[in-house]
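Take the sequence shown: its letters are residues 3 to 267, numbered as in this note's numbering.
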Amino acid sequence: MTSADKDKIYNFLEYLYKFYNNKEYIYSDPIRFPHEIKGDTEFIAFTSASFAYGNMKAIQGFLYKYFENAGSSISSLNTDINNSLYYRFQTKEDVAAYSKLMKKVYDKYGSIYGLFKAADAVTVENIDKGIILLRSHLDEITQGLNFLLPVPGKSASKRLYMFLRWMVRKDDVDFGFWNEFNKKSLYMPSDTHILRLACNLGIIEKNEKGKKAVIKVTDFFRDLNPEDPAKYDFSLTRLGIISGCQYSENDICEKCSHQKICLFH
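Structure below.
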């Protein structure tokens, strides 16, 4: 990548960040729940990120019911399976087990942040240790729970890395609660939008997924912004979710309000 190409990409990303990275657009993302729902924000955020798979309507429908039924505060969390729900790959038993896991983690470590610090998982090299320690507190790892809290290294862990972005970065969208965790240690959460962008820019091969792809994508963004590689996640995904961008030139481009500065048009 030439310096001119790098400057063009950087300027486009900064433009998108200034346009999308504000509370006006959080309605389109699971981060709306920790912003909107009163309670233990970290717990609400982790739960919202963990169940953030499928279409947004289904995600929102489940999460509203979960927080209504189970509660949004750890101190009064309802772990009764008879009061539990199911969601796609998670049975009622899985969802109840998840609630019990959260109760157990908060009782022992005080917070998920406390668990990550106990696992020495506050650097890019050790991030995965946090989820390994979390999984170790499950009484049984069912298929549904294994999907919900996947083994690091075998998965892109996009929901975990999205949650970490929320907790570590601080701006109008992200909370920045975890002040001992440096944002330059974050991975770029790599959902279908980010992977499509990365493929179209030649960062990864077509259909390349998993941890290897995440590392390549993160390295690309870290080269552009070494101090804050996950900075553009929310704004880039809003470009796809709200504006319908395919991260390549197509018929949609003619109606797009960003075409004058667009990287793809």
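The C-beta atom is built at its ideal place from N, Cα and C for all residues, glycine as well.
* Count the other C-beta atoms from every protein chain shown that fall within 10 angstroms of the C-beta of Lys233, then say buried if there are 16 or more, exposed otherwise. => For the purposes of this step, residue 233 is taken as the residue at position 231 of the sequence shown. Buried is the call here.
* Asked: Under three-state DSSP, which class holds Phe149?
  -> Position 147 of the sequence shown, counted from the start, is the residue given in the question as residue 149. The answer is helix: DSSP assigns Phe149 an H, G or I state.
* To do: Assign Phe177 to one of three DSSP states: helix, strand, or coil.
  => On the sequence shown, residue 177 is found 175 positions in, with the first residue counted as 1. Correct three-state label for Phe177: strand.
* From what residue to what residue does the alpha helix (DSSP H) around Met190 run? -> On the sequence shown, position 188 is the one that residue 190 refers to. First-last for Met190: undefined, no H or E at that position.
* Identified DSSP bridge partners for Gln92 -> As a first step, residue 92 is located in the sequence shown; it is residue number 90 there, counting from the start. Bridge partners of Gln92: Tyr89.
* Asked: For Lys40, which residues of its own chain have a beta-carbon under 7 Å away from its beta-carbon, when the five flanking residues on both sides are left out?
  -> Taking the sequence shown and counting its residues from 1, the one referred to as residue 40 is at position 38. Counting only Cβ-Cβ distances below 7 Å, and skipping sequence neighbours, we find Ser74.
* Rounded to the nearest angstrom, how far is the Cβ of Ile114 from that of Ala98, given a contact under 8 Å? -> Indexing the sequence shown from 1 puts residue 114 at position 112. Indexing the sequence shown from 1 puts residue 98 at position 96. Their Cβ separation, rounded to whole angstroms, is 19 Å, which puts Ile114 and Ala98 out of contact at 8 Å.
* Inside the region 36 to 66 only - alpha helix (DSSP H) runs reaching at least 4 residues -> 43 to 52
* Give the straight-line distance between the Cα atoms of Asp42 and Ile76, rounded to the nearest whole angstrom. => Counting from 1 along the sequence shown, the entry for residue 42 is found at position 40. Counting from 1 along the sequence shown, the entry for residue 76 is found at position 74. C-alpha separation (whole angstroms): 7 Å.
* **Distance, Thr49 Cα to Pro228 Cα** => For this step, residue 228 is matched to residue 226 along the sequence shown. For this step, residue 49 is matched to residue 47 along the sequence shown. Straight-line Cα distance between these residues: approximately 29 Å.
* Asked: Considering only C-alpha positions, which residue in the set Cys247, Ser187, Arg198, Tyr111 is nearest to Asp230?
  -> To locate residue 230, count along the sequence shown from 1; it is residue 228. From the listed residues Cys247, Ser187, Arg198, Tyr111, the smallest Cα separation to Asp230 is found for Ser187.
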